[in-house]
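Here's the structure we're looking at; comments come further down.
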Amino acid sequence: MALQHGAQVLGLLLARAVGMPLADVFRSGVFELLGMTDTAFFTTDTDRLATAYALGDGGLEIWDPPGGAWSTAQPFSDGASGLASTADDLLAFGRMLLRGGSPVLSREAVQLMTSDQLSPAQREGPPAALLGEWSGRSAGPLPSPETVPARSAGTEGSEALFSSTRCGTWP
């Protein structure tokens, strides 16, 4: 597999620097600390995976079925390939950001992640619609932690898994 994205290179460097597979680095350094018990690079619990669709010539077409890409471990945990997760686990990650990063990130790292990183020349380049979510612009100030519930009521164990690359394809 040829490395194509900065996140792939960073994932490889992180795994080499720590001396363990990237999946283990994420699990012990992020997921366990935040109680993200349903987040990983794959899941064998395919009944909880949603079908991912892509827009084709004739409309929506199945891009990845529940038994597809996220149903088996890959030989290389790719830092740019996405993760299977649940809404509750994503909420736990978001609440960590709202707390200023603790216990995973520094407050300074969160500040950099949530602030505009574009130069004036980049802001005058292609319209934001062409850049989409990769524009590097902040979505605005983060809400107060008190306004976001700790977990969705009554959903423990019943929520569907989905990939971060599939967020836009949820039914």
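Residue numbering for the sequence shown is 0 to 170, as defined by numbering that gives the first Met the number 0. Where is the CB? At the ideal position from N, CA and C, for every residue including glycine.
Assignment of E123 by DSSP, reduced to helix, strand and coil, places it in the coil class. Excluding five sequence positions before and after L13, the CB atoms of its chain that fall closer than 8 Å to its own CB belong to L21, V24 and G78, given in chain order. At a cut-off of 3 residues, the continuous stretches assigned as beta strand (DSSP E) that sit fully inside the region 39-68 are 51-55 and 58-63. In the structure shown, the three-state DSSP call for A16 is helix. Rounded to the nearest whole angstrom, the C-alpha separation of A49 and G28 is 27 Å. Pairing G66 with T45 gives a Cβ-Cβ distance under 8 Å. Residue state for A83 is assigned as strand, using DSSP reduced to three classes. DSSP places V24 in the uninterrupted alpha helix (DSSP H) bounded by L21 to F25.
Per DSSP, the unbroken alpha helix (DSSP H) holding M112 starts and ends at R106 to M112. Put simply, of R15, L9, E60 and L89 the residue whose alpha carbon is nearest the alpha carbon of L33 is L89.
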